[in-house]
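In my numbering, the protein residues as written are -19 to 174.
For each residue, glycine too, the CB sits at the ideal point set by N, CA and C.
Step one of this worksheet: look at the structure below.
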């Protein structure tokens, strides 16, 4: 009897370990390239930007992501501004509907938004001898689509609006949408791996 009990316990434990489990999250990593632009801001439109976004979608339609973007020569050329960059690091809520399911080929249109850090750096150049570095609390909102060719590989297209809370003239933090905050749009495309 003891031998039968041991066999049943071992068999039960092995069945639990090797049994297929329901997927709890649809994780992804997406390295991307894009461009920054924005009417009414002081950026040099059309400058290249790149970064990576990583996150997970629950079995439903809601998930979270971390987005990192690096914008070299954001304000203009090195002759004018020296080395100048804008870096953004955002934690976002993402809401998307998986059309075709969460396995295999399919698409997932989504909206996203959240809060994080926007850091600007200007080292000064030949014509504008201005040096500044600023860490600002900011927000972003956007939309896009992830399209999968197979179970693990696809493409992701995305458009986002980025804006700091800090007024660039006064340094005062506010939510005034008509203020002088650093603001720009970013369009990007990248590979998405899940």
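Only buried fits residue 72, as 16 or more other CB atoms lie within 10 angstroms of its CB. In the three-state scheme derived from DSSP, where H, G and I count as helix and E and B as strand, residue 58 is classed as helix.
By the Cβ criterion, the region 29 to 47 is not in contact with the region 111 to 118, since fewer than three pairs of Cβ atoms, one from each stretch, lie closer than 8 angstroms. For residue 121, the enclosing beta strand (DSSP E) stretches over residues 112 to 128. Taking 8 angstroms as the upper bound for CB-CB distance, residue 87 and residue 80 are in contact here, some 6 angstroms apart. Measuring C-alpha to C-alpha distances from residue 67 to each of 164, 139, 133 identifies 164 as the nearest. DSSP, read as helix, strand or coil, puts residue 167 in strand.
Taking the CA atoms as reference points, residue 15 sits about 31 angstroms from residue 83. In terms of Cβ geometry, residue 135 and residue 97 do not form a close pair [threshold 8 angstroms]. Contact annotation: residue 160 and residue 142 have beta-carbon atoms that are not nearer than 8 angstroms. Exclusion of the five residues before and after residue 127 leaves 87, 134, 135 as the residues of its chain whose Cβ lies within less than 7 angstroms of its Cβ. DSSP places residue 131 outside both helix and strand once states are collapsed to three, so it counts as coil.
It is roughly 19 angstroms from the alpha-carbon of residue 172 to the alpha-carbon of residue 93. Between residue 64 and residue 102, the beta carbon gap of about 5 angstroms places them in contact (Cβ cut-off 8 angstroms).
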